[in-house]
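Participant: The structure is given below, and queries will be raised subsequently.
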């Protein structure tokens with residue numbers, strides 16, 4: 004019986020990975036700090052600041068405010084008639100009147116303006132209430 008010996012080949016060494024160089028951070032300038040705005044002194048139970056008042060100015064018909072208006076002889080707007088699809092907020096925007104002031108001018112409008120009805124008359128004259 005003959006035995007054959009095969010020479011063993013030594014394993015090849017695996018190369019070690021080369022480390023990736025760490026990038027050098029680039030210094031950046033920090034943005035300037037913005038100071039806090041000044042806050043007025045609050046006084047408990049102080050009189051509220053009145054809403055801006057003035058004549059209503061028609062900005063033109065928009066979806067949600069397509070009704071008709073009435074005016075006095077000088078052209079000052081007096082009333083607005085609600086049509087289908089109108090919303091109290093949209094009416095206030097059309098006439099450039101804050102909703103709070105519009106509600107003050109129209110105490111008969113129920114539900115903080117959420118419940119208006121077709122053919123309902125909305126007051127636009129800031130000197131009176133309806």
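In our numbering, the protein residues as written are 4 to 133. Using N, Cα and C, we set each Cβ at its ideal position, and we do this for glycine too.
#1: Beta-carbon separation of residue 73 and residue 82 under 7 Å?
#2: I'd like to confirm the pairing. Which residues does DSSP put opposite residue 74 in its beta bridges?
#3: Alpha carbon to alpha carbon, what distance is there between residue 56 and residue 71?
#4: I'd like the list of long-range same chain contacts for residue 117, defined as Cβ closer than 8 Å, with 5 residues on each side in sequence excluded.
#5: With DSSP as the reference, identify every bridge partner of residue 39, one or two as the case may be.
#6: Give me, in chain order, the residues of the same chain whose beta-carbon lies closer than 6 Å to that of residue 87; leave out the 5 immediate sequence neighbours on both sides.
#7: Measure the beta-carbon distance from residue 85 to residue 59 and round it to whole angstroms, keeping in mind my assumption that it falls under 8 Å.
#8: Run through DSSP, which three-state label would residue 65 get?
Facilitator: Reading it off the structure:
#1: Counting from 1 along the chain shown, the entry for residue 73 is found at position 70. Counting from 1 along the chain shown, the entry for residue 82 is found at position 79. Cβ atoms of residue 73 and residue 82: closer than 7 Å.
#2: As a position in the chain shown, residue 74 is number 71, starting the count at 1. Its beta-bridge partners are 80.
#3: For the purposes of this step, residue 71 is identified with residue 68 of the chain shown, where counting begins at 1. For the purposes of this step, residue 56 is identified with residue 53 of the chain shown, where counting begins at 1. Those two C-alpha atoms are separated by around 22 Å.
#4: If you number the chain shown from 1, residue 117 lands on position 114. Only 91 meet the Cβ criterion.
#5: The residue you call residue 39 lines up with position 36 of the chain shown. None; residue 39 has no bridge partner.
#6: Taking the first residue of the chain shown as 1, we reach residue 87 at position 84. Once the five neighbours on either side are set aside, the close Cβ partners of residue 87 are 121.
#7: Stepping through the chain shown from its first residue, residue 85 is reached at position 82. Stepping through the chain shown from its first residue, residue 59 is reached at position 56. Wrong, their Cβ atoms sit about 15 Å apart, outside the cutoff.
#8: In the chain shown, the residue the question calls residue 65 occupies position 62. In this structure, residue 65 counts as strand in the three-state DSSP scheme.
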